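To start, the structure under review is shown below, and the notes come after it.
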Amino acid sequence: MIRTVSTRDQLELAKIMGCVSRHAARQAGERAHAVDEVRRAARGRADLLGQAAGTYRAQTLSGDRAFWYSDVATRLCVDAGADVDVARRATAAAAVLVQPRRRGPAGGPTP
C-alpha cells in the first residue's frame, strides 16, 4: 500500500521523476552529471528518490515497451541515493497501477 503523500511531496516527486526521465531517455550524457543532477533535484529526500525508483522498477517489470527507459531511470535513482526499502515497497504498490490492461479480441475491452 502506498502511504499518503502530501501535495508538496507529490510535486517534488514529479520534479524528481522529470529530471530522471530526461537523463534516462538521453542515455548518452555523462553518467556522473546525471546522478548529480538527480541528487540535487531530490534535495536530500531519499524517500522520494525511493518512491521514484520503485515506480520506475514497476514499469520495468510490467513488460510494457513504452517504459523502455525505466531500468536506466531506476538505476539513476538508486545511484543518487534512493532509500531502497521505500523503493521495494513502492514497486509492489505501483505494480498494480502499471499492469498492462487486458484487451479483448480486437484490442477493445474484455467481454
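Whatever position you read off the sequence shown (first residue = 1), add 1 for the working numbering.
Note that the Cβ used here is the ideal one computed from N, Cα and C, for glycine as well.
Everything numeric in this text was worked out from a predicted model, so none of it was measured.
Looking at the unbroken alpha helix (DSSP H) that takes in residue i, where does it start and where does it end?
| i | result |
| --- | --- |
| D10 | 8-27 |
| E38 | 32-43 |
| E80 | One detail in the question is off: residue 80 reads as Asp in this sequence, not Glu. First-last of the alpha helix (DSSP H) with D80: 71-80. |
| Q100 | Looking at the DSSP string, Q100 is not in any alpha helix (DSSP H), and its letter there is neither H nor E. |
| T61 | 47-63 |
Any chance the CB of residue i is under 6 angstroms from a heavy atom of the ligand NAD?
| i | result |
| --- | --- |
| A47 | What this structure holds is no ligand at all, so the ligand NAD is not there to describe. |
Quick check on residue i: buried or exposed, where buried means 16 or more other Cβ atoms within 10 Å of its Cβ?
| i | result |
| --- | --- |
| D84 | buried |
| Q1 | Beyond the ends of the chain as shown, which are 2 and 112, falls residue 1; an answer cannot be given. |
| T5 | exposed |
| M2 | Caution is warranted here: a pLDDT of 44 is assigned to M2, below 50, making its placement in the model unreliable, and no coordinate value can be reported. |
| H34 | exposed |
| E31 | exposed |
| A67 | exposed |
| R9 | exposed |
| A15 | exposed |
Give the single residue among the options whose Cα lies nearest to the Cα of residue i.
| i | options | result |
| --- | --- | --- |
| D92 | A59, T5, S7 | The question names Asp, yet the displayed sequence has Thr at residue 92. It is A59. |
| V99 | L50, V73, S7, G55 | G55 |
| Q11 | L50, V36, H24 | L50 |
| A26 | A81, K16, L77 | L77 |
| S63 | V97, V21, M18, D80 | V97 |
| V36 | M18, A81, R89, R23 | A81 |
| T61 | A95, D86, E38 | A95 |
| V21 | T75, V87, A88, S7 | T75 |
If you measure from the beta carbon of residue i to each beta carbon in chain C, is any gap under 7 angstroms?
| i | result |
| --- | --- |
| L49 | The chain inventory of the structure shown lacks chain C, comprising one protein chain alone. |
Say whether the stretch 29-45 touches the stretch 59-71, bearing in mind that this needs 3 or more beta-carbon pairs closer than 8 angstroms, one atom from each stretch.
Using a Cβ-Cβ distance cut-off of 8 angstroms, the stretch 29-45 and the stretch 59-71 are not in contact, since fewer than three pairs of beta carbons, one from each stretch, lie closer than that value.
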